[in-house]
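Undergrad: In short: position in the sequence shown from 1, add 156, done, that's our numbering. Here's a structure for you.
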Amino acid sequence: MRQRGRTGARRPRGGHGAHGGTPAVPTGRRDPRCPLPPPGVPAGGGTHARPPRAWAPAAGGGAAPLPWQRREAALLRRRRIGTMSSLAVSEPPASRAPSRSPARSPALSPAPGPSRCGGERRRNASDAGADLGAVQDTQLRSVDLSRVIKLLEDSDSKDLEKEQLKALKKVVKHFENGLPLKDLSQIIEILNLCAEKMNEQEAFTEPLCELIKLCGLPFQKKKLSDEVSYSVAVSNCIAQLGYLMRVPSSQVRIQICKCVVSFYNTELPRKLLSGYQPTSANYKIQMAELGGLAETLILSLTLVENQLTEKLWVLKALQHLSSSGVNCRLMMKAQAASRLCLYLNGVDPSGQLVFRSSEILWNLLENTSKEEVVNQLSSLECVHALKEVFVDLLMHGFRHYDRQLRNDLLVIATLLAENPAAPMIESGFTKLLIVLATFTEVKIPNPLIKGLKLTYSYEDFELKKLLFNVIAVLSKDPCAVRLLSENYVMPALLCYVKPSQKPGFHDWSAAQYEELQLHAIAILASVAPLLVDKYLSCQANTLLLVFLEWCIGQDPFFGQGNSFHGTGGRGNKLAQMRCSLRVLRSVVSLYDDAVNLNLCDQGAISQLLDILKYAANKSKEKEDAIVLEVQADILFILSALCENDLHRKELFSYEGVDILIPFIQMDPKRLYSGLGHNCLLFSALDCLWSCVIGCYIAEDYFLEKQGIFLLLDLLALKQKNLCNIILGILVEFCDNPQTTSHISTWRGEKDQTAANLLIELWRQEELELGVKRDRYGRIADVKRPIASSFQKQQEVIPMPANCPSFAIMEISENIRAKLYSLLCKLGFENLPGLSAKDFVTLAIIRRYIDFKVGEVWSELCAELKEEFRPVTSDEEALKVISEVSEDTGRMVAALQTEVLESQHHQEIQEEEETYTKIQAIHKQREMVNKSWKNFLTRTSKYEALKKAKRIQEKSIEASRSKLKTQNGTVHSTDIKGLSTTIGSGRLVTVESTPPQLIGGPLAVTDLALRKPSVSKGALKKIKRVKTLDSVKKDSVPIE
């Protein structure tokens, strides 16, 4: 059983009838109770049969010839035995070869004998094979086709009729197993001569039909290359078959159609010609495409317009031909779609006329341009014919086959409804389809469908879905809106916005009802924005909110999730929730005050926040694209409801901000998951802009939750699609006096400040725009300092005063204006964390508005010069304005140079200070080394020690006061017998060898092995050891 979905998806069509039968419904595709063929025409049927191989065994069990046998027979056939004149036309059949299969010939069979390779046996077999091949080849030449043609051309005497008919019969008898490719040209010439004679002599009808029947057999070839060599002749031959449809004979026309059908049901003859093999199975089909047979048969429909039997045969042939894309394109050239559609409502008791025509139309839709087919069907006559046939099948069709055919025609009607040029409304077809889609739900009597009752069969279920699909298509046509409103489409669709219940015995199954419910709600999302008044009058908002409450409830419900709209809804209510939210999204996006007020009055904001929490919890359990889409839709609906309404923002404030924060904290890696996190983040940012900004309560709570830090973290990702909306939110947030302090406090990676981040974004944006800068980031073009490369390429086009110029439009196309506004809020002075390069860029940002004004004046001057020449005073004013703009650019460039020079001078100073420190360190080290050298000298040489002692004593003596103390006791400061050159005291410092001289510090080697107790001050001791200088000192008490 063939099944089609609501979009008309179907299996490829193509004829499968058998050769020799009347057109019939293919077995297995329609109901076995399909209409019978017309009276007097034999019925038949069949399927495609794969042609046997060229050397298949003949009937009777004969084996295929061996390769050496084929080569030897072919070689011997080249010898000519006898002459052509020695064989008469009337040669008896007994002289023919005894077998069509070379392997069954006694002459080619191995002879019995004791020796398996005797030379005599091979010679006998070769001679016999040569005689057989020569006889068979001569037999094929025994019919002189040229003589037959000459005989038919001689029309002077009527006595030749018997001889002509006799010659034709012998030609038919001679080629009863197939026509060789080399003789096709002459055979076609004979066919044309017979067709001409039929006008006066009906006796030629039967021979003509027999010859046409031979064309249905596989053609015979000698070599594999014959198919290519004779391709032009064969294609002309098949094309001539189509031209023979001009013969005013029903028998001939039917035989031509049977011949064409046999191309697709190739059967090998009972006997094969020796030395010949049949052409490939698709050879005739390819040649028919090359010869344009399909186009000829379409044109011949005019000749058989009033002959039902002949018309059915032509349609059957066309059905087979239309399985090819090449043939379908040829048929479209002959206006096949419109011709076939006009035959749909023709008189045909069997019903095959509608079936064949619809099948061909389907093949045309599948194999050619759908738009071209629809355009051919968009005439008023075609639409009327399609409507009449559809209504007839709808009202009177009771078989499975009738319902399938009805649905097929409805799909074609749906395609027509998509074309605005199709007169669907004028023909009344649109109104009929709308009434059919809604009559089972609204139960309003309508004369158009009086007595109609749908069953609950699968075909009627498909019809219901197709009718719903028609409503969705018609919703895109503004002309059909009035019909949708008048025919109760809104109440009919709202009947499905209710909790799913178990269907009754005579109702749809649970899966079918769920599919219809989801389909109806999905269509409601397209229809509701068009019928707002009907939407409100039917209390649709109330129904949807109640339905959404059921979706998050605990009622046991297990969705089937079988349909397209039920994706992801198996075992849950997510599919119903998603479709319902789409309806709300479509109506709130209208920003209609009545709709939004009606929603908010029913507590929609609070309910949507509850649903958002439910979806967020579901997302934590398992991330799914459906759940993410639900969350994004809810955020969009909340944005539309709360925008520009302070009271609704206050309702959103605390609970809404708590829900938004996790979305803004989303891991950046999820943005590339492909599930929809990117869309969800954008929806959250849009909701933040619409529902929080402008309400101080919500803003302060967002700041308290460190929301500004989260926004700056997202901004630091430097993603182009995120920067624009985040900068807009930050600029709006800066109206709150607490925001700037949060922005200034923020620190990113490597202690990056917000000001540095904003300046980096400016440089990145200018790099993408192609703004000209030198290698230090300074202004390179003082006349147009901030113009992008694309802006410089634009020609001057005079614009009306109410149309913004390119310089104005450019502001909204990049983020520089937002960066300038945000830095203005922060201030251009005392910004932390900036380098000299940042200050160079900051000088440009600070003058952004002046440069933009200069661009506008530059465009204005160029437009004025294009239209007319300004007066002297205006020209001087424009010149001054231009100079002011250039002077600003020069001033900024000079400031940038000054900043760079100052930075360079500062770097030089820092370098000098660094070198000074290095010199002082080196001098100190030299002094230490010199002191140590003197110390070693004093300790190693006694004479040096005495000398140093004398010098010390002299220094001490010289330092003493020259005045003598009267009546006082003088105490000596020297200790007798002490040979040292250092100051005496209670403590003596013993200096060890410096580490730079011995390669490392002198450490206590057993310190690491000790395990001192904390209670005994071990930590203090270790700390004291660690803080010793590089020159280790030990204090030794002197008693």
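Every residue, glycine too, gets a C-beta built ideally from N, C-alpha and C.
Alpha helix (DSSP H) containing residue 1200: first to last residue?
TA: Lying outside 157 to 1195, the shown extent of the chain, residue 1200 is not represented and no answer is given.
Undergrad: Cβ of residue 468 within 8 Å of Cβ of residue 497?
TA: Taking 8 Å as the Cβ cut-off, residue 468 and residue 497 do not qualify as a contacting pair.
Undergrad: Under 8 Å between the Cβ atoms of residue 605 and residue 591?
TA: A contact, by the Cβ cut-off of 8 Å.
Undergrad: To the nearest angstrom, report how far apart residue 740 and residue 843 are at their CA atoms.
TA: Each residue's alpha carbon lies about 16 Å from the other.
Undergrad: Measuring alpha carbon to alpha carbon, tell me which residue in 862, 866, 871, 874 is nearest residue 894.
TA: For the residues 862, 866, 871, 874, the minimum Cα distance to residue 894 belongs to 862.
Undergrad: First and last residue of the alpha helix (DSSP H) that includes residue 846?
TA: First-last of the alpha helix (DSSP H) with residue 846: 833-847.
Undergrad: Count Cβ pairs between the stretch 749-764 and the stretch 685-705 that sit closer than 8 Å; are there 3 or more?
TA: Touching, yes.
Undergrad: Could you give the distance in angstroms between the alpha-carbon of residue 907 and the alpha-carbon of residue 1051?
TA: One C-alpha to the other measures close to 28 Å.
Undergrad: Out of 432, 428, 671, 395, which one is the CA nearest neighbour of residue 448?
TA: Closest by alpha carbon: 395.
Undergrad: The alpha helix (DSSP H) with residue 778 in it runs from where to where?
TA: Element bounds for residue 778: n/a, residue is neither H nor E.
Undergrad: Are three or more beta carbon pairs between the stretch 879-894 and the stretch 830-846 nearer than 8 Å?
TA: Segments in contact, yes.
Undergrad: Need the endpoints of the alpha helix (DSSP H) that residue 616 sits in, please.
TA: Start and end: 614-630.
Undergrad: Rank 791, 681, 690 by C-alpha distance to the C-alpha of residue 743 and give the top, closest one.
TA: Checked all of 791, 681, 690; the closest Cα to residue 743 is 681.
Undergrad: Going by DSSP, name the residue or residues bridged to residue 377.
TA: Residue 377 pairs with 433.
Undergrad: Touching or not, the stretch 382-392 and the stretch 348-355, by the rule of three or more beta carbon pairs under 8 Å?
TA: The stretch 382-392, when compared against the stretch 348-355, does not touch it at the 8 Å Cβ threshold.
Undergrad: Can you list, in chain order, the residues of its chain whose CB lies under 6 Å from that of residue 876, leaving out five sequence neighbours each side?
TA: Same-chain partners within the cutoff: there are none.
Undergrad: DSSP on residue 1003, reduced to helix/strand/coil?
TA: In this structure, residue 1003 counts as coil in the three-state DSSP scheme.
Undergrad: Using 8 Å as the Cβ pair cut-off and three pairs as the minimum, do the stretch 571-578 and the stretch 522-539 touch?
TA: They touch, by the three-pair rule.
Undergrad: Rounded to a whole number of angstroms, what is the C-alpha to C-alpha distance between residue 335 and residue 500?
TA: Straight-line Cα distance between these residues: approximately 38 Å.
Undergrad: Do residue 917 and residue 874 have their CB atoms nearer than 8 Å?
TA: Yes, the Cβ-Cβ distance between residue 917 and residue 874 is below 8 Å.
Undergrad: To the nearest whole angstrom, what separates the beta carbons of residue 686 and residue 637, a pair I think is in contact under 8 Å?
TA: About 5 Å; that satisfies the 8 Å criterion.
Undergrad: Considering residue 694, what are the terminal residues of the alpha helix (DSSP H) in which it resides?
TA: Premise fails: residue 694 is in no alpha helix (DSSP H) and is neither H nor E.
Undergrad: Ordered along the chain, which non-local residues of its own chain (more than five positions away) have a Cβ less than 6 Å from that of residue 415?
TA: So the qualifying residues of the chain are 368, 371, 372.
Undergrad: Check each candidate in 317, 781, 1009, 971 and name the one with the smallest Cα separation from residue 941.
TA: For the residues 317, 781, 1009, 971, the minimum Cα distance to residue 941 belongs to 1009.
Undergrad: For the alpha helix (DSSP H) that residue 901 lies in, which residues bound it at each end?
TA: That run of the alpha helix (DSSP H) goes 895-901.
Undergrad: Compute the beta-carbon to beta-carbon distance between residue 446 and residue 434, rounded to the nearest angstrom, for a pair I have assumed lies under 8 Å.
TA: 19 Å between Cβ atoms; not a contact.
Undergrad: Measure the C-alpha to C-alpha separation of residue 762 and residue 673 and round it to an integer number of angstroms.
TA: The alpha-carbon atoms of residue 762 and residue 673 are separated by roughly 26 Å.
Undergrad: According to DSSP, is residue 1064 helix, strand or coil?
TA: Residue state, collapsed to three classes: helix.
Undergrad: Sorted by chain position, which residues of the same chain lie with C-beta nearer than 8 Å to residue 452's C-beta, five sequence neighbours on each side aside?
TA: 395, 398, 399, 401, listed in sequence order.
Undergrad: Only counting the same chain, and skipping five residues up and downstream in sequence, which positions put a Cβ closer than 6 Å to that of residue 331?
TA: Within the same chain, residue 331 has close Cβ partners 370.
Undergrad: Mapping the DSSP letters down to three states, classify residue 336 as helix, strand or coil.
TA: Of the three classes helix, strand and coil, the one that applies to residue 336 here is strand, per DSSP.
Undergrad: Is DSSP giving residue 935 helix, strand or coil here?
TA: DSSP places residue 935 in strand when its eight states are reduced to three.
Undergrad: Tell me, please, whether the stretch 815-828 touches the stretch 794-806 by the rule of three or more beta-carbon pairs shorter than 8 Å.
TA: Short answer: they don't touch.
Undergrad: Under 8 Å: do the stretch 1020-1038 and the stretch 1055-1072 share three or more Cβ pairs, one atom per stretch?
TA: Judged by Cβ distances under 8 Å, the stretch 1020-1038 makes no contact with the stretch 1055-1072, as fewer than three pairs qualify.
Undergrad: For residue 929, list the residues DSSP reports as bridge partners.
TA: According to DSSP, residue 929 bridges with 935.
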